[in-house]
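Enquirer:
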Amino acid sequence: MSSVARFPSANGYYIVMEKDATTPAPGVYTGYTAEPRHLAAPAPPASTICPVPDSAGRRTHALPLVCAAAAGKAFFPLPEPRQLDIFPRLAGIYVHVPFCSTKCHYCDFYSVADQLHRSGAYLEALDREFDLQTEHFGVPEPETIFIGGGTPTLLTPSHLARLLEIVRRHLNTTRLVEFTVEANPNTFDAQRATVLKQAGVNRISFGAQSFIPEELVALQREHSPEDVPRAVDFARAVGITRINLDLIFGIPGQSLASLETSLRRAVALNPEHLSCYNLIYEPNTPLAARRTRGEITPLDEALELAMFRQVQTMLTQHGFTRYEISNYARAGAECQHNLHYWRGAFYLGFGPSAAGHHSGWRWKNSASLNRYTQALIRSVPCLPIASRERLTGWARWGELAMLRLRLSSGLQYGPFQRQTGVDTRARLAGVRRKYEGLGLLNATPDALALTDAAVPVSDTILADVLAAFGAKDGSLCPAGALQGESLTCRP
Ligand code: SF4
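Numbering (our numbering), first residue to last: 285 to 775.
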């Protein structure tokens, strides 16, 4: 049995805490989420001092949440500095460009097709969002920037240049080591390559997916196999040599032979990095609907398993190392930006549907270009944060452990304990016992990692890892669970 309690906070929202009556210490709160207060109560007076200045620099207008309320929308504020750990430095910046020429049938990323005429408004809103987040967190000094989407290179060269100017103008780039832009092979040309190079982009991630025309059609991709080498040449011609290719396996109609062809053609382009994803039938995608209607037949699991092994074997033979469940790189060419995600680092997101993370807080912008631009392009702009939550206690450390185990390097007990105060060696003893002798875990006295054989069943193992950190066994994190909005759990 659990119940909830609501605590009005000072800055216009409620903290909703769940109280788990089954815990051995009654009154211990297991976690909380925030919900906009104005949904249940009138908005604070318009004269409230606002953490975000308006365009004239005034701070006596309404809170960001109230700005949204005035527009009939509910948005959350960013977590306040006092609610955050003080030690993490910003690791990465993600910018989401929501435009695509058409919608691929498997895709569940937020993007809009046929809406490029709205890119001017999007850029104006993005500029303001950078202003507001910079006002809150200070000038970001990221190690990595990743501009994804959507299809960033669908923007015209002049709009692409403006996007990059907005990003760079708001950042201090002295610590920058990696600057990636995603591109679709058929939207990339010499002019765009030059624009990217001039802005300091040093890595491009191309969505190749397959080199078999029929498979691209099955996915409703717009490009042809020949577009990929042409796009890679454009990048190299301007001196952008760090190349990633995305590939998909498990495509309806795909065979081991056709996958081998795609892998061979990808490797022949000599990328430094390959992301190879198993096709997922995401709910509410056209691909899932076609499967439900019986128009396509998914591959059987045994074949998908053989495909995973083929990917692993071929890429290893060609000098790539799998460093994450779906990611392969040549030595030293791992994607630093994505490593930040898997290490639970502090990152900021900009653009519709983009997410940020700091100290267990996660927040996400509205996945609507309309709402995004309406919130930001107004006399009193507000951040379009549509959801916000904070993981505390064991839930936070469980997620961090799970993310670490996605990496081939696994979870190193010592560094993890120094970062979190949690002894994971003891906490994961049950998981180790459960999978002992199956060849799925590589367990040493200092670390735990998934083996290659475990990758196809990694979801199940990682769910067990998360459960091992769950509060259901009554062993709540003694500090984090009680701390509410204060700093880090240090049991
Ligand atoms: S191009 Fe990428 S983001 Fe756009 S619909 Fe296709 S998979 Fe999704």
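Quick reminder that beta carbons are idealized off the backbone N, C-alpha and C, glycines included.
Keep in mind the model is a prediction, meaning the values are calculated, not measured.
(1) Measure the alpha-carbon distance for Pro536 versus Pro740 and round it to whole angstroms.
(2) Any heavy atom of the ligand SF4 closer than 7 angstroms to the Cβ of Thr435?
(3) Could you round the C-beta distance between Val423 and Lys481 to whole angstroms and report it? I think they count as a contact, below 8 angstroms.
(4) Using 10 angstroms around the beta-carbon of Cys384, count the other beta-carbons present and answer buried if the total reaches 16, otherwise exposed.
(5) Within its chain, find whatever has a CB closer than 6 angstroms to the CB of Leu448; leave out the 5 residues flanking it on each side and keep chain order.
(6) For Thr437, is the classification buried or exposed, using 16 other Cβ atoms within 10 angstroms of its Cβ as the cut-off for buried?
(7) Between Glu425 and Leu500, what straight-line distance do the alpha-carbon atoms span, to the nearest angstrom?
(8) Roughly how many angstroms separate the alpha carbons of Ala727 and Ala733, rounded to a whole number?
(9) Alpha carbon to alpha carbon, what distance is there between Leu583 and Ile564?
(10) CA-CA distance, Glu462 and His557?
(11) Run the proximity test for Phe393: is its beta-carbon closer than 7 angstroms to any non-hydrogen atom belonging to the ligand SF4?
(12) In terms of residues, what are the limits of the beta strand (DSSP E) holding Glu466?
(13) Could you tell me which residues DSSP puts in a beta bridge with Gln482?
(14) Which residues mark the beginning and the end of the beta strand (DSSP E) in which Phe430 is found?
(15) Which two residues bound the contiguous beta strand (DSSP E) that contains Asp530?
(16) Can you find the residues in the same chain that come closer than 8 angstroms, C-beta to C-beta, to Leu455, ignoring five residues on each side of it along the sequence?
(17) Identify the continuous alpha helix (DSSP H) that holds Ser539 and give its terminal residues.
(18) So, at 6 angstroms on beta carbons, what are the nonlocal neighbours of Trp626 in its own chain, with the 5 sequence-adjacent residues on each side left out?
(19) Shortest alpha-carbon distance to Pro441 belongs to which of Gly404, Thr418, Glu413, Leu410?
(20) How would you call Asn611, buried or exposed, if buried means at least 16 neighbouring beta carbons within 10 angstroms?
(21) Could you round the C-beta distance between Tyr631 and Ala397 to whole angstroms and report it? I think they count as a contact, below 8 angstroms.
(22) How would you label Asp511, buried or exposed, when you count the other beta carbons within 10 angstroms and need 16 or more for buried?
(23) Which residues in the same chain as Leu540 place their Cβ atom closer than 7 angstroms to its Cβ, once the five residues preceding and following it in sequence are excluded?
(24) Compute the minimum distance between the beta carbon of Asn562 and the heavy atoms of the ligand SF4, and state whether it is under 7 angstroms.
(25) With 16 as the cutoff for other CB atoms within 10 Å, does Gln701 come out buried or exposed?
(26) Report whether the distance from the Cβ of Asn649 to the nearest heavy atom of the ligand SF4 is below 7 angstroms.
(27) Tyr394 by DSSP, collapsed to three states: which one?
(28) Under a Cβ-count criterion, where at least 16 other Cβ atoms within 10 Å of its own Cβ denotes burial, should Gln493 be classed as buried or exposed?
(29) Taking only three categories from DSSP, how would you classify Ala381?
(30) Scan the stretch 593–674 and note each continuous alpha helix (DSSP H) run of 4 residues or more that stays entirely inside, going in chain order.
(31) Using the C-alpha atoms, what's the distance from Gln475 back to Arg716?
(32) Who are the near neighbours of Arg402 in its chain, counting only those whose CB is closer than 7 angstroms to its CB and skipping five residues on each side?
(33) Are the beta-carbon atoms belonging to Leu529 and Leu553 less than 8 angstroms from one another?
(34) In chain order, what residues of the same chain lie with their CB nearer than 6 angstroms to the CB of Leu368, ignoring the 5 residues before and after it?
Expert: According to the structure shown:
(1) Here residue 536 corresponds to residue number 252 of the sequence shown, with the count starting at 1. Here residue 740 corresponds to residue number 456 of the sequence shown, with the count starting at 1. Pro536 and Pro740: Cα-Cα distance of roughly 18 angstroms.
(2) By one-based count along the sequence shown, residue 435 stands at place 151. Yes, since a heavy atom of the ligand SF4 falls inside the 7 angstroms radius drawn around the Cβ of Thr435.
(3) Locating residue 423 in the sequence shown gives position 139, where the first residue counts as 1. Locating residue 481 in the sequence shown gives position 197, where the first residue counts as 1. Not confirmed; about 24 angstroms, so no contact.
(4) Taking the first residue of the sequence shown as position 1, residue 384 is located at position 100. Buried: at least 16 other Cβ atoms inside 10 Å.
(5) For this step, residue 448 is matched to residue 164 along the sequence shown. These residues qualify, in order along the chain: Ala483.
(6) To locate residue 437, count along the sequence shown from 1; it is residue 153. So Thr437 ends up on the buried side.
(7) Against the sequence shown, residue 425 aligns to sequence position 141. Against the sequence shown, residue 500 aligns to sequence position 216. In a straight line, the C-alpha of Glu425 is about 39 angstroms away from that of Leu500.
(8) Along the sequence shown, read from residue 1 onward, the residue named residue 727 stands at position 443. Along the sequence shown, read from residue 1 onward, the residue named residue 733 stands at position 449. The straight-line gap from Cα to Cα measures roughly 7 angstroms.
(9) For the purposes of this step, residue 564 is identified with residue 280 of the sequence shown, where counting begins at 1. For the purposes of this step, residue 583 is identified with residue 299 of the sequence shown, where counting begins at 1. Ile564 and Leu583: Cα-Cα distance of roughly 11 angstroms.
(10) Sequence index remark: in the sequence shown, residue 462 carries index 178 (1-based). Sequence index remark: in the sequence shown, residue 557 carries index 273 (1-based). Each residue's alpha carbon lies about 14 angstroms from the other.
(11) Locating residue 393 in the sequence shown gives position 109, where the first residue counts as 1. True, at least one ligand heavy atom lies under 7 angstroms from that Cβ.
(12) The residue you call residue 466 lines up with position 182 of the sequence shown. Element bounds for Glu466: 462–467.
(13) The residue given as residue 482 occupies position 198 in the sequence shown. BP columns for Gln482 are empty, so no partner.
(14) Position 146 of the sequence shown, counted from the start, is the residue given in the question as residue 430. Counting along the chain, the beta strand (DSSP E) containing Phe430 begins and ends at 428–433.
(15) Here residue 530 is taken as the residue at index 246 of the sequence shown, counted from 1. Note, Asp530: beta strand (DSSP E), 526–533.
(16) Here the question's residue 455 lines up with position 171 in the sequence shown. The answer, listed in chain order, is Ile377, Val423, Pro424, Glu425, Pro426, Ile429.
(17) Start at 1 with the first residue of the sequence shown, and residue 539 comes out as number 255. No alpha helix (DSSP H) contains Ser539, which DSSP labels as neither H nor E.
(18) Numbered from 1 along the sequence shown, position 342 holds the residue referred to as residue 626. So the list reads Leu687, Arg690, Leu691, once near-sequence residues are dropped.
(19) In the sequence shown, counting from the first residue as 1, residue 441 sits at position 157. Checking every option, the nearest Cα to that of Pro441 belongs to Gly404.
(20) The residue given as residue 611 occupies position 327 in the sequence shown. Answer is buried; the Cβ neighbour count reaches 16.
(21) Your numbering for residue 631 matches position 347 in the sequence shown. Your numbering for residue 397 matches position 113 in the sequence shown. Going by Cβ atoms, the distance from Tyr631 to Ala397 rounds to 27 angstroms, so no, they are not a contact pair.
(22) Translated into the one-based positions of the sequence shown, residue 511 becomes position 227. Result: buried.
(23) As a working mapping, residue 540 is identified with position 256 in the sequence shown. So the qualifying residues of the chain are Ala590, Met591, Gln594.
(24) For the purposes of this step, residue 562 is taken as the residue at position 278 of the sequence shown. Asn562: no, Cβ never under 7 angstroms from the ligand SF4.
(25) Here the question's residue 701 lines up with position 417 in the sequence shown. By the neighbour-count rule (16 or more Cβ atoms within 10 Å), Gln701 is not buried but exposed.
(26) Here the question's residue 649 lines up with position 365 in the sequence shown. It does not: the Cβ of Asn649 is nowhere closer than 7 angstroms to a heavy atom of the ligand SF4.
(27) One-based indexing of the sequence shown puts residue 394 at position 110. DSSP places Tyr394 in coil when its eight states are reduced to three.
(28) Position 209 of the sequence shown, counted from the start, is the residue given in the question as residue 493. Result: buried.
(29) As a working note, residue 381 is residue 97 in the sequence shown. In the sequence as presented, Ala is not what sits at residue 381; that position holds Val. Three-state result, Val381: strand.
(30) 620–626, 653–660
(31) Residue 716 sits at position 432 when you count from the first residue of the sequence shown. Residue 475 sits at position 191 when you count from the first residue of the sequence shown. Cα to Cα, Arg716 sits roughly 53 angstroms from Gln475.
(32) Translated into the one-based positions of the sequence shown, residue 402 becomes position 118. Once the five neighbours on either side are set aside, the close Cβ partners of Arg402 are Leu653.
(33) Here residue 529 refers to the residue found at position 245 when the sequence shown is read from its first residue. Here residue 553 refers to the residue found at position 269 when the sequence shown is read from its first residue. Yes; because the gap between Cβ atoms is below 8 angstroms, this pair is in contact.
(34) Position 84 of the sequence shown holds residue 368. His642, Ser643, listed in sequence order.
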